[in-house]
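Numbering (my numbering), first residue to last: 1 to 529.
Positions of the beta carbon are idealized from the N, C-alpha and C atoms, including for glycine.
Note that this is a predicted model, so its numbers are computed, not measured.
What follows is a short report on a single structure.
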Amino acid sequence: MLLKRILFVFSGTQYNKFAMFRACPCIDQFYRLDRFGPCFQCYSVGLICGNETVDLNPGFYWKWESQENRELYEKFKDSLRIQDSTYMYANNGLTRFNRSFPKVYACPVPSACLGGMTSECSLGYEGPVCAVCSKGYYRMINTCQECPSKKWLIGQISLTSIFLLLIILPLMYGKRLAATTGRSSTDIVLARLKIFISFYQVTSGTFDAFSYVQWPKALLQLGTYAKFLQLNLLQIAPVNCFSHSIEVTIYTSFMTSVVVTLGFVVIAIIYYQLRRLYTTKVKNYNTRDVKDLSEAKEACFRYVFLLMFTMFPTTSAQVFQMLPSSCHAICADIENKSCRSYLRSDYSVECFTGAYNNFVVLAFVMLFYVVGFPLVTFFLLWRYYPKEAQNNSPDQERNEVQSALSFLYENYSSNCWFWKVLELVRKLSLTSVLVLIGRESRTYLGVASIMSGLCTVIFASYKPVSDRFEHWLQLTSLLATCANMNSGLLLKIPGENLSSGLRTDVEGTGITALLLSVNVFVLGMIVGK
């Protein structure tokens, strides 16, 4: 009797039942590949093993090595269901499946994968792991959204333009208006705006890096609007929605970020040189013209650095997303023999092709920008930060650079002039570097959560921001980021592992309400002030 139980558990076969033109039946979660052969345990959590056969769970994806293999296994399944001697005449007497099964992969968006033998995708999704948006859909965060009407798109672009104009106007004319604290309106607007933008950039980047976490839909919608603050033009205006013939890939986004960043620098240089040429060659050169040229140079420096700071997280993330370490191999068999690699950020792009190899060279070159921009910023702050000995310096260029970079240091205490560079590194780590290690694991999300907590503690300990309101605004944004990371860890707990006494629907609503209130509170502080 003891021997029978051991055989029952380890072989997966029910020896206490009659075979009936076959080997003894398999127990639950076991399958067989030979009508008269042994039973095997399910090799993946994404599989359904029942009635001695294998099927794919919803939320998972596989790709058969060939359609012939899949059809052969379906015929074997049909033959296995026959309980009498007629099995010998069905499907040419097929009694064994001697091909390999495909490897199973969890889908980034579980609802996109319908499972089943053919591994079909939901409406709007297609491609490997159902992670490519179909025609008429565009990607937002980690989901495919149906393209809105062209009127809606034009309205969205118009509202974004108005929003940017409302930001630019105070920056252009606010320098002349000094507040009661002695700070100009431009300084106050920029100081609070950079905290606001940094927070929502990290929030949006977190959803991208950890897209496998089932974030609440309402929070993803908030992250959708946060994309606008990254000046990602292809997210603000999904051009593929204007015409189905237009294809937008990671190549398009990557080149757009590079061209916009470099283009703005070139435009600023050309504008200043034309202004200088006109002033020195056409107009009568006087003291007023010298002052105007100095203000033009300062404005060019300021807007170039402001744009680069705003786009830096997006550009850096796209650089890291292009690297070979971001490729995901999709194999057609569990032996990893027949594999094709795709970029995790865009599964429509296959790695290690001719086109990819050309772009990856540019990505490696752009790594110098990713590493060099924070270093150059640190050097400029160290070189041009207004120390006592420099306050009355006659060096005009130094004063122009000081004024242009003032939005980086003016709201920090004198011994924390470098803090904005630390903030830049923090954003780079949370939105870009973690893309390289953003696997389906709690470990990496835990690393991000610990990092966020340490940054919050360090900021609260050193109190680098002088203004009381801006100090609490920055501290609140850091706490909200930490709350997002910790909530992500909670959301990684499978629902079936929760206590049966808990109402999961009520708990889900509670987590959604908590996360929304935390993330909107930062915006509320700005509006309230």
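Taking a contact to mean a Cβ-Cβ separation below 7 Å, would you say GLY127 touches LEU56 in this structure? no
Flag this pair as yes or no: are the beta carbons of TYR385 and TRP419 separated by less than 7 Å? no
Quick check: ILE246 and VAL239, are their CB atoms within less than 7 Å of each other? yes
PHE305 and SER432: beta carbons closer than 7 Å? no
Buried or exposed for ALA329, please, with buried defined as at least 16 other CB atoms from any protein chain shown within 10 angstroms of its CB. exposed
With DSSP as the reference, please indicate the residues paired to GLU126 in a beta bridge. VAL132
Does the beta-carbon of ASN358 have 16 or more other beta-carbons within 10 angstroms, so that it is buried, or is it exposed? With fewer than 16 Cβ atoms within 10 Å of its Cβ, ASN358 is classed as exposed.
Does DSSP put THR353 in a helix, in a strand, or in coil? coil
Considering only the alpha carbon of each residue, which of SER66, ARG32, TYR61 and PRO38 lies closest to GLU52? ARG32
Does the separation of the CB atoms of CYS147 and CYS42 fall below 7 Å? No.
Any chance the stretch 460-477 sits against the stretch 403-413, with 3 or more Cβ pairs inside 8 Å? yes
Following the continuous alpha helix (DSSP H) through GLY263, name the residue where it begins and the one where it ends. 250-281
Whose CA, out of SER325, PHE101 and SER403, lies closest to the CA of GLU335? The residue with the shortest Cα to Cα distance from GLU335 is PHE101.
Could you check what DSSP says for LEU94 in three-state terms: helix, strand or coil? coil
Validate contact between the stretch 72-91 and the stretch 306-326 using beta carbons, cut 8 Å, 3 pairs: Too few Cβ pairs lie closer than 8 Å, so no.
Since I believe ASP84 is in contact with PHE21 (beta carbons under 8 Å), could you give me their beta-carbon distance rounded to a whole number of angstroms? Rounded, the Cβ-Cβ distance is 6 Å, consistent with contact.
Taking only the alpha-carbon atoms, compute the straight-line gap between THR353 and SER341 and give it to the nearest angstrom. 10 Å
Compute the beta-carbon to beta-carbon distance between ILE347 and CYS300, rounded to the nearest angstrom, for a pair I have assumed lies under 8 Å. Checking the displayed sequence, the identity of residue 347 turns out to be Tyr instead of Ile. In fact, because the Cβ distance is near 41 Å, the residues do not count as touching under 8 Å.
On the DSSP letters alone, give me the boundaries of the alpha helix (DSSP H) that SER79 sits inside. 67-80
Among the candidates SER185, GLU120 and SER111, whose CA atom is the shortest distance from the CA of LYS217? SER111
Compute every distance between the C-beta of PHE36 and the non-hydrogen atoms of the ligand GDP, then say whether any falls below 6 Å. The model depicted lacks the ligand GDP and carries no ligand whatsoever.
For LEU274, count the other beta carbons within 10 Å of its own beta carbon; 16 or more makes it buried, fewer makes it exposed. Which is it? exposed
Residue(s) in a DSSP beta bridge with CYS42: Answer is none; CYS42 lacks a bridge partner.
On the criterion of 16 or more Cβ atoms from any shown chain inside 10 Å, does LEU262 qualify as buried, or is it exposed? exposed
Proximity below 7 Å, CB of THR481 to CB of SER452: yes
Does DSSP put THR53 in a helix, in a strand, or in coil? Judged by DSSP in its simplified three-state form, THR53 adopts strand.
Determine whether the beta carbon atoms of VAL104 and SER44 lie at a separation below 7 Å. Yes, Cβ-Cβ distance for VAL104 and SER44 is below 7 Å.
Could you check where the beta strand (DSSP E) with TYR31 kicks off and where it finishes? 30-32
Grouping DSSP H, G and I as helix and E and B as strand, with all else coil, what is ASP187? helix
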